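Quick mapping for you: the protein sequence lines, in order, are chains A and B.
All letters in the first sequence, in the order written, are residues 73 to 220 by my numbering.
All letters in the second sequence, in the order written, are residues 73 to 220 by my numbering.
For every residue, glycine included, the Cβ atom is placed at its ideal position computed from N, Cα and C.
Small disclaimer: the values here were computed from a predicted structure and weren't measured.
A quick write-up on the structure given underneath.
Protein chains: 2
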Amino acid sequence: MVQDSIRVLQTQGYKVTKPRRQVLEILEEAQESLSPYDIQRLLRRQGKHLNHVTIYRILDLFCSLNLAHKLLSTGRFVKCSLGDKEGCHRFMVCHRCGTLQEFADERLCQEENGFARNFDFHTEYHLSESSGLCSNCYRKQHQKQENA
Amino acid sequence: MVQDSIRVLQTQGYKVTKPRRQVLEILEEAQESLSPYDIQRLLRRQGKHLNHVTIYRILDLFCSLNLAHKLLSTGRFVKCSLGDKEGCHRFMVCHRCGTLQEFADERLCQEENGFARNFDFHTEYHLSESSGLCSNCYRKQHQKQENA
DNA sequence: AGCTTAAATGCAACAGTGTTGCGATTAGGG
DNA sequence: CCCTAATCGCAACACTGTTGCATTTAAGCT
């Protein structure tokens, strides 16, 4: 919820400005990940003009507050739908329709961190992205192959 | 080995040009991943001048022949010492010294994919990045705390 | 409400990254 | 040594991201 993010901004001593609210709303509505310039374009379509510098700075801030995430594979941004207790974020991105789902699993994190420790590496934060097909697109692809 | 890559070029019908040889050598020597412009800078230090467009095209070709690999997290390039059968790449990045280590683990991939399947998601490619401290930096940090 | 001011935004200018088209060069086979 | 397609260099461009500074604004305080 946008309202939750606004509360985070307030409690952390950041101003709740119009640009920040607008970016929050765009991220909230989006089904897929967005680049800074995507966000600018989407806002422009609503008659709202934000300088790209502003958007970059807002996204930096949101990431530092864990209100948003920057995806490793694309450098694009998504809202953070989970808290940050885990220090671990997993995404499934459908490369066909672009939809994105975030989830967390304590056990997987433990294993991943334990594995890194075998290399004498001390994990503090973990990001994981799976690219593939969501259930819908998998079904469509399957049908298409049958018909062909 | 550079020689092996040259043989791949030949058998696939690609010319073995001076620029291609030079990029192969740079990739072979490198301990870390390199951006196209990194490669240009390194070559320039050796008195060898390559246009950046040429480097981009060479790297594209190398990736298509699996002679090099483009890291998803950074977009930088490394020589391809292993095939890409796994479709799974794990990185440990030390946020203190920046060193990067890539590894793969079949069991972790299977588990991750299996977990995604619970969401009816069909994983095709997996990318995972752990941020933390490498053994060296962990030790240094530890010593500093003891001394303080 | 208006005042104050530090924070935030906008603007201009710039640096870095990556792409395209085309003419010039070159590897490698005949 | 020629020939020619493949490759490279160059120019020009588009996109992405950053910095410094002037202007605006949120929000606390009368």
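Cross-chain neighbours of residue i in chain A, by beta carbon under 8 Å
i, result
"Glu201/B", "Leu144, His198, Leu199 and Ser200"
"Gln173/B", "Phe191 and Phe193"
Distance between residue j and residue i (C-alpha atoms, nearest Å)
i, j, result
"Asp132/B", "Ile78/A", "44 Å"
"Lys151/B", "Asn138/B", "9 Å"
"Gln103/B", "Ser202/B", "19 Å"
"Glu196/B", "Asn185/A", "23 Å"
"Tyr210/B", "Phe187/A", "17 Å"
"Asn123/A", "Gln112/A", "8 Å"
"Gly204/B", "Leu114/A", "35 Å"
"Lys212/A", "Glu178/B", "29 Å"
"Arg168/B", "Gln215/A", "49 Å"
"Thr146/B", "Pro108/B", "12 Å"
"Cys45/B", "Cys181/A", "The requested residue 45/B is not part of the displayed model; chain B covers only 73 to 220."
"Gln84/B", "Ser136/B", "11 Å"
"Asp76/B", "Ile98/B", "15 Å"
"Gln238/A", "Cys166/B", "With chain A covering only 73 through 220, there is no way to say anything about residue 238/A."
Chain-ordered chain B contacts of residue i [CB-CB under 7 Å]
i, result
"Asp76/A", "Correct list: empty, because the minimum Cβ distance to chain B is about 24 Å."
"His194/A", "Gly204, Leu205 and Tyr210"
"Met164/A", "Ala188, Phe191 and Phe193"
Unbroken beta strand (DSSP E) run spanning residue i, endpoints
i, result
"Lys142/A", "Ala140 to Lys142"
"Leu205/A", "His194 to Leu205"
Proximity to residue i [Cα-Cα], best of the options
i, options, result
"Thr171/B", "Arg162/A, Phe193/A, Val165/A and Lys90/A", "Phe193/A"
"Ala176/B", "Phe163/A, Gln82/A, Thr83/A and Asn190/A", "Asn190/A"
"Gln173/A", "Arg211/A, Gln82/A and Cys206/A", "Cys206/A"
"Ala140/B", "Leu199/B, Gly85/B, Gln84/B and Glu100/B", "Glu100/B"
"Val125/A", "Arg117/A, Gly119/A and Pro91/A", "Pro91/A"
"His121/A", "Leu81/A, Ile130/A, Arg129/A and Gln94/A", "Gln94/A"
"Tyr86/A", "Leu144/A, Ile130/A and Ile98/A", "Ile130/A"
"Leu144/A", "Phe163/B, Gln118/B, Asp110/B and Ile127/B", "Phe163/B"
"Ser153/A", "Thr83/A, Leu96/A and Gln84/A", "Leu96/A"
"Ile127/A", "Asp110/A, Cys166/A and Gln118/A", "Asp110/A"
beta-carbon residue i near the ligand NAP non-hydrogen atom, thresh 6 Å
i, result
"Val80/A", "Ligands displayed in this structure: none; no statement on the ligand NAP is therefore possible."
Residue i, enclosing alpha helix (DSSP H) - first and last residue
i, result
"Arg168/B", "No alpha helix (DSSP H) holds Arg168/B; DSSP gives it neither H nor E."
"Pro146/B", "In the sequence on display, residue 146/B carries Thr and not Pro. That residue, Thr146/B, is in no alpha helix (DSSP H); it is neither H nor E in DSSP."
"Ala188/A", "Glu178 to Asn190"
"Gln82/A", "Val74 to Thr83"
"Leu106/B", "Unbroken run through Leu106/B: none, as it is neither H nor E."
"Ser136/A", "His124 to Ser136"
Interface residues of chain A facing residue i [CB-CB closer than 9 Å]
i, result
"Glu183/B", "Arg179, Leu180 and Glu183"
Beta-carbon spacing of residue i, residue j below 7 Å
i, j, result
"Leu199/B", "His161/B", "yes"
"Phe134/B", "Lys142/B", "no"
"Val88/A", "Leu81/A", "yes"
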